[in-house]
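Trainee: With positions in the sequence shown counted from 1, the corresponding number in this note's numbering is that position plus 610. Idealized CB from N, CA, C, for every residue including glycine.
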Amino acid sequence: MALKLRDIKAPIASEMEEFEKKFRASMKTKVLLLDKIMSYIVKRKGKQMRPMFVFLSAGTCGSISESTYRGASLIELLHTATLVHDDVVDDANYRRGFFSVNALWKNKIAVLVGDYLLSRGLLLSVDNGDYDLLKIVSDAVKLMSEGELLQMEKARRLDITEEVYYEIIRQKTASLISSCCGVGAASAGNQNGAVQKMQLFGEKVGMAFQIKDDLFDYGETEVGKPLGIDIREKKMTLPLIKALEQASWLEKRKILNLVKNHNDNTRKINEIIDFVKASGGLEYAQGVMQRYYEEAMDILKDFEDSQYKTSLSQLVQFTIERNK
Numbered sequence: 611m612a613l614k615l616r617d618i619k620a621p622i623a624s625e626m627e628e629f630e631k632k633f634r635a636s637m638k639t640k641v642l643l644l645d646k647i648m649s650y651i652v653k654r655k656g657k658q659m660r661p662m663f664v665f666l667s668a669g670t671c672g673s674i675s676e677s678t679y680r681g682a683s684l685i686e687l688l689h690t691a692t693l694v695h696d697d698v699v700d701d702a703n704y705r706r707g708f709f710s711v712n713a714l715w716k717n718k719i720a721v722l723v724g725d726y727l728l729s730r731g732l733l734l735s736v737d738n739g740d741y742d743l744l745k746i747v748s749d750a751v752k753l754m755s756e757g758e759l760l761q762m763e764k765a766r767r768l769d770i771t772e773e774v775y776y777e778i779i780r781q782k783t784a785s786l787i788s789s790c791c792g793v794g795a796a797s798a799g800n801q802n803g804a805v806q807k808m809q810l811f812g813e814k815v816g817m818a819f820q821i822k823d824d825l826f827d828y829g830e831t832e833v834g835k836p837l838g839i840d841i842r843e844k845k846m847t848l849p850l851i852k853a854l855e856q857a858s859w860l861e862k863r864k865i866l867n868l869v870k871n872h873n874d875n876t877r878k879i880n881e882i883i884d885f886v887k888a889s890g891g892l893e894y895a896q897g898v899m900q901r902y903y904e905e906a907m908d909i910l911k912d913f914e915d916s917q918y919k920t921s922l923s924q925l926v927q928f929t930i931e932r933n934k
């Protein structure tokens with residue numbers, strides 16, 4: 611039977627409800643335009659998996675405290691800021707089916723909104739002395755920025771190796787989930803080096819999560835992004851990297867030419883997708899994803915059994931079994 615987020619969330623349902631109220635309150639401002647934009651951002655919230663990782667990690671490592679709520683808010687504020695800025699950089703008009711902030715209020719306002727969200731997150735931590743939480747999340751934002759820039763640099767030359775791909779997704783995606791789990795553990799008191807263990811656990815989960823996301827680009831499932839969007843953006847992901855590694859020199863040259871010069875042609879994109887499928891690139895990526903999942907589960911074994919640990923394990927399972 612497929613896992614449902616509602617069931618996974620059960621041990622922290624009341625905390626998530628309380629968090630929602632606290633987070634909405636933290637977004638309130640006296641500037642009318644800003645308040646309108648903050649309300650729009652809050653309404654667009656997704657599955658709320660990031661706060662779930664924070665609360666379940668805190669419960670697994672000890673107990674949920676006021677610091678846990680602030681840690682979850684900090685991550686949401688800083689992550690939302692990076693998304694708002696990303697949409698400006700990418701000139702994107704949509705995010706997960708909704709108009710982006712820059713599409714509705716233009717780039718200048720979107721950049722300032724991103725700055726405002728960053729400052730709210732920083733002040734939330736500084737005003738409450740949560741310097742350990744702020745360091746964990748600030749490190750993640752730094753890594754996310756570096757990963758994005760590394761990917762942009764490599765996209766120009768299309769020379770991403772498997773090792774470089776892992777470094778990019780470790781920085782871009784895994785660092786954020788790692789910080790969610792680390793913040794949860796830190797808010798519970800960091801007993802027996804729980805923060806480091808939880809950060810490593812989150813990193814493994816993040817790696818599996820991103821590989822799953824990259825696999826969607828080659829599947830038939832609608833996940834809020836068109837099929838082949840990574841190819842259109844010249845993003846070299848694991849299925850394509852592995853397929854090219856096993857191709858002949860001539861075939862490799864042909865496919866790279868399609869990615870570089872014909873990435874706006876749907877027929878050519880489908881040709882690349884067919885090549886990856888025929889080369890076993892999808893199966894290889896699925897195997898790597900499964901390995902990261904198992905490594906994450908091994909780390910979780912070090913913690914005492916509890917309803918939080920069970921739900922955390924199920925949340926990880928959900929991330930690699932989801933179909934959108």
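Please report the distance separating the alpha-carbon of residue 740 from that of residue 856.
Mentor: 49 Å
Trainee: So, are the CB atoms of residue 817 and residue 792 less than 8 Å apart?
Mentor: The answer is no: Cβ separation not under 8 Å.
Trainee: What does the alpha-carbon distance come out to for the pair residue 852 and residue 909?
Mentor: 28 Å
Trainee: In whole angstroms, give me the CA-to-CA distance for residue 905 and residue 848.
Mentor: 19 Å
Trainee: If you compare alpha carbons, which of 652, 757, 685 is closest to residue 638?
Mentor: Closest option to residue 638, Cα to Cα, is 652.
Trainee: Please name the residue, chosen from 769, 822, 746, 783, that lies closest to residue 862 on a Cα-to-Cα basis.
Mentor: In terms of Cα proximity to residue 862, the closest of 769, 822, 746, 783 is 769.
Trainee: Using the Cα positions of residue 626 and residue 916, report the straight-line distance between them to the nearest angstrom.
Mentor: About 18 Å.
Trainee: Is the number of C-beta pairs between the stretch 799–807 and the stretch 877–892 that are closer than 8 Å three or more?
Mentor: no
Trainee: Please classify residue 913: does DSSP put it in a helix, a strand, or coil?
Mentor: Residue 913 falls in the coil class under three-state DSSP.
Trainee: Residues in the same chain with beta-carbon distance under 7 Å from residue 715, minus the five sequence neighbours each way, listed in chain order, please.
Mentor: 647
Trainee: Taking 8 Å as the threshold, find out whether the stretch 784–799 comes into contact with the stretch 667–686 through three or more Cβ pairs.
Mentor: yes
Trainee: Between the stretch 861–881 and the stretch 774–793, do at least 3 Cβ pairs fall closer than 8 Å?
Mentor: Too few Cβ pairs lie closer than 8 Å, so no.
Trainee: Tell me the residue span of the alpha helix (DSSP H) that contains residue 828.
Mentor: First-last for residue 828: undefined, no H or E at that position.
Trainee: Contact between the stretch 726–737 and the stretch 681–689 is defined here as three or more beta-carbon pairs at a separation below 8 Å; is this criterion met?
Mentor: yes
Trainee: Between residue 750 and residue 722, is the Cβ-Cβ spacing less than 8 Å?
Mentor: no
Trainee: On the CB-based measure, 16 or more other CB atoms within 10 Å of its CB, does residue 876 come out buried or exposed?
Mentor: exposed
Trainee: Taking the continuous alpha helix (DSSP H) assigned at residue 641, which residues delimit it?
Mentor: No alpha helix (DSSP H) holds residue 641; DSSP gives it neither H nor E.
Trainee: Out of curiosity, what's the CA-to-CA distance linking residue 618 and residue 928?
Mentor: 9 Å
Trainee: Where residue 873 and residue 664 are concerned, what is the direct C-alpha to C-alpha distance, given to the nearest angstrom?
Mentor: Those two C-alpha atoms are separated by around 38 Å.
Trainee: Out of 709, 650, 746, 649, state which residue places its alpha-carbon closest to the alpha-carbon of residue 688.
Mentor: 746
Trainee: Tell me which residues share the same chain as residue 694 and place their Cβ nearer than 6 Å to its Cβ, disregarding the 5 neighbours each side in the sequence.
Mentor: 711, 720, 723, 724
Trainee: Would you say residue 620 and residue 858 are within 8 Å of each other, going by their C-beta atoms?
Mentor: no
Trainee: What did DSSP end up calling residue 615 once you bin it into helix, strand or coil?
Mentor: helix
Trainee: According to the neighbour-count rule (16 or more other Cβ atoms, all chains shown, within 10 Å of its Cβ), is residue 812 buried or exposed?
Mentor: buried
Trainee: Could you tell me which of 696, 892, 634 sits nearest to residue 759, measuring between CA atoms?
Mentor: 696
Trainee: The alpha helix (DSSP H) that contains residue 797, what's its start and end?
Mentor: 785–797
Trainee: Could you check how far apart the C-beta atoms of residue 743 and residue 918 are, in whole angstroms? I think they sit under 8 Å.
Mentor: Contact doesn't hold; Cβ gap of about 19 Å is too wide.
Trainee: Is residue 897 buried or exposed, if buried means 16 or more other CB atoms sit within 10 Å of its CB?
Mentor: exposed
Trainee: For residue 771, count the other beta carbons within 10 Å of its own beta carbon; 16 or more makes it buried, fewer makes it exposed. Which is it?
Mentor: exposed
Trainee: Quick one: give me the first and last residue of the alpha helix (DSSP H) that residue 845 is part of.
Mentor: Segment: none, residue 845 is in no alpha helix (DSSP H) and carries neither H nor E.
Trainee: What is the C-beta distance between residue 784 and residue 820, in whole angstroms, given that I count them as a contact (C-beta under 8 Å)?
Mentor: For residue 784 against residue 820, the beta-carbon gap comes to about 7 Å, under 8 Å, which counts as contact.
Trainee: Let me know the secondary structure DSSP gives residue 718 once reduced to three states.
Mentor: helix
Trainee: Return the chain-ordered list of same chain residues with a C-beta closer than 8 Å to the C-beta of residue 632, the five sequence neighbours on each side being excluded.
Mentor: 679, 683
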